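Residue numbers (the UniProt record's numbering): 1 to 401.
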Amino acid sequence: MEFIKRAGATISFLKNCSPLFGGKRNIYASWMKCSSKAAASQQFETTTNNLELPEFIREKLEDLQTEIVLSLLTHDDNTIGSFGSSTNSSIDKGNNFTRNLENMARHYFNQGGKLFRPKVSLMMANAMNQHTGNGELISLNQYRISIVSEMIHTASLVHDDVIDKSDIRRGTPTVNALWGNKMAVLVGDYILAKATQILCSIGNPVVISTMAKIIEDLVQGEFMQINSNNSSNKDNAEVRFQHYLMKNFYKTGSLFAHSCKSVAILAGCNEKDQTNAFEYGKSLGLAFQLIDDILDFSATSETLGKPAGNDLKQGLATGPVLYAALKYPELNVLINRKFSQEGDVKKAWEIVMVSDGLEKTRELAERYCLSAVRIARSLPNNFQMSERLADVAINQINRQN
Numbered sequence: 001m002e003f004i005k006r007a008g009a010t011i012s013f014l015k016n017c018s019p020l021f022g023g024k025r026n027i028y029a030s031w032m033k034c035s036s037k038a039a040a041s042q043q044f045e046t047t048t049n050n051l052e053l054p055e056f057i058r059e060k061l062e063d064l065q066t067e068i069v070l071s072l073l074t075h076d077d078n079t080i081g082s083f084g085s086s087t088n089s090s091i092d093k094g095n096n097f098t099r100n101l102e103n104m105a106r107h108y109f110n111q112g113g114k115l116f117r118p119k120v121s122l123m124m125a126n127a128m129n130q131h132t133g134n135g136e137l138i139s140l141n142q143y144r145i146s147i148v149s150e151m152i153h154t155a156s157l158v159h160d161d162v163i164d165k166s167d168i169r170r171g172t173p174t175v176n177a178l179w180g181n182k183m184a185v186l187v188g189d190y191i192l193a194k195a196t197q198i199l200c201s202i203g204n205p206v207v208i209s210t211m212a213k214i215i216e217d218l219v220q221g222e223f224m225q226i227n228s229n230n231s232s233n234k235d236n237a238e239v240r241f242q243h244y245l246m247k248n249f250y251k252t253g254s255l256f257a258h259s260c261k262s263v264a265i266l267a268g269c270n271e272k273d274q275t276n277a278f279e280y281g282k283s284l285g286l287a288f289q290l291i292d293d294i295l296d297f298s299a300t301s302e303t304l305g306k307p308a309g310n311d312l313k314q315g316l317a318t319g320p321v322l323y324a325a326l327k328y329p330e331l332n333v334l335i336n337r338k339f340s341q342e343g344d345v346k347k348a349w350e351i352v353m354v355s356d357g358l359e360k361t362r363e364l365a366e367r368y369c370l371s372a373v374r375i376a377r378s379l380p381n382n383f384q385m386s387e388r389l390a391d392v393a394i395n396q397i398n399r400q401n
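Written out as structure tokens, the structure is:
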């Protein structure tokens with residue numbers, strides 16, 4: 001009961017302070033309020049049950065990557081016809097484009113990714129189906145949403161690696177490192193095109209529009225990231241932090257939020273329940289990104305599967321840096337020039353590590369996790385899905401990659 005009271009207070013705080021909730025309170029003051037509290041880890045008293053996924057979800061996840069690869073190699077609009085099978089598997093083996101595409105597709109989708117996004121959407125689908133009493137564990141169209149979410153995510157990684165000139169992803173060379181930037185851009189576009197075909201096969205205009213918003217937000221977020229220090233208000237800590245949170249939502253939170261909302265729509269949920277699904281995904285996605293930003297400082301390249309400390313090298317000031325700059329204002333000069341001069345990255349790293357930037361960023365992540373936990377525990381607990389969704393949020397705090 002104490003946890004629920006604390007979570008309710010947290011939701012009120014987030015709605016007031018975060019631009020994502022339309023709050024009107026001065027975000028800088030709210031951010032400072034968040035920083036001045038006792039360590040959130042001391043308040044985060046709930047525990048995870050580490051419940052195993054039901055077999056029907058594990059089976060869907062096991063089939064998902066194969067479904068995606070087959071859909072990319074199929075020259076037919078009706079790419080996903082039923083669970084576990086594609087309607088047309090004819091592939092022109094003599095076509096050079098097809099051969100190259102097959103190699104690149106298998107390179108990215110057969111690397112054993114975490115499939116975190118489709119897992120969340122499948123879990124939310126099942127929870128919402130039980131909530132509305134429609135009797136289905138997971139419908140075909142909800143399964144398609146999980147496939148589309150992973151395809152959009154992967155396409156964004158391919159494009160991001162080109163923009164960031166990254167050579168390593170998931171511990172192996174990137175598509176652009178192996179086949180060049182031009183081919184990587186085309187492959188990313190092709191994955192998005194195929195994802196759109198699968199999405200259109202759902203036949204629900206509201207769902208199609210909801211999922212399409214993810215792609216729009218990804219582009220918007222990338223623009224915000226590229227232009228992060230070009231604003232006339234670049235010395236304003238309030239604006240800078242608001243910009244950071246909004247960018248995190250566009251690039252990460254949006255996919256979780258809109259995927260969760262889409263499966264709720266397909267479950268026949270009312271607007272209130274659709275909003276709850278959206279808010280769960282949004283809070284989870286923001287917590288996920290904040291923890292990612294911490295791991296960029298605290299984890300090794302081997303653990304991450306990509307270069308550690310990459311954000312600073314890319315000129316990005318994430319949560320740990322922005323919090324550190326409050327106590328070490330000399331960081332602002334480095335932030336504004338995007339750590340572009342020799343020694344900037346090393347100096348910024350050292351300042352962050354002696355500051356409370358990592359701790360404060362974790363506190364903020366925990367508050368978003370509490371938001372997701374509250375929403376999850378308001379859902380029916382068939383197949384213990386409510387607790388499983390809560391576990392997913394709680395586990396973000398201690399994840400290492």
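For glycine and all other residues, C-beta sits at the position ideal for the given N, C-alpha and C.
Values in this document were obtained by computation on a predicted structure and should not be read as measured data.
Can you have a look at phenylalanine 56 and say buried or exposed, based on whether 16 or more other CB atoms are within 10 angstroms of its CB?
exposed
Mind checking whether phenylalanine 288 and threonine 318 have CB atoms under 8 Å apart?
no
Residues of its chain near leucine 331, where Cβ-Cβ distance is below 7 Å and the 5 sequence neighbours each way are ignored
Val321, Ala324, Ala325, Ala348 and Ile351
Given a cut-off of 8 Å, decide if leucine 64 and asparagine 141 are closer than it, judged by their beta-carbon atoms.
no
Between Leu284, Val345 and Leu255, which lies nearest to aspartate 296 when the distance is taken from Cα to Cα?
Val345
Under 8 Å between C-beta atoms of methionine 104 and valine 187:
yes
Helix, strand or coil, according to DSSP, for threonine 132 in the structure here?
helix
Excluding the 5 residues preceding and the 5 following arginine 377 in the sequence, name in chain order all residues of the same chain whose CB lies nearer than 7 Å to its CB.
Ser386 and Ala390
Whose C-beta lies closer than 8 Å to the C-beta of glutamine 225 among residues of the same chain, with five residues either side of it excluded?
Lys247, Lys251 and Leu316
Between the CA atoms of valine 162 and glutamine 111 - distance to the nearest angstrom
19 Å
Report back the beta-carbon spacing between glycine 113 and arginine 170 to the nearest angstrom; my notes put them in contact at under 8 Å.
6 Å
Tell me, please, which residues DSSP counts as bridged to arginine 169.
Thr172
Hey, which unbroken runs of the alpha helix (DSSP H) at 4 residues or more fall wholly within the stretch 202-245?
205-226
CB contact flag (histidine 159, valine 120, <8 Å)
no
Indicate the three-state DSSP secondary structure (helix, strand or coil) for phenylalanine 297 in the structure shown.
helix
Would you mind working out which of Phe241, Ala212 and Cys269 sits nearest leucine 255, comparing C-alpha positions?
Ala212
What residues in its chain sit with their C-beta under 6 Å from that of residue 402, if we drop five residues either side in the sequence?
Look at the range of the chain in this structure, 1 to 401, and you will see that residue 402 is not part of it.
Determine, using beta carbons only, whether threonine 210 and serine 262 come nearer to each other than 8 Å.
yes
If the criterion is Cβ atoms closer than 8 Å, does the pair alanine 372 and leucine 284 meet it?
yes
Under 8 Å between the Cβ atoms of glutamine 130 and asparagine 382?
yes
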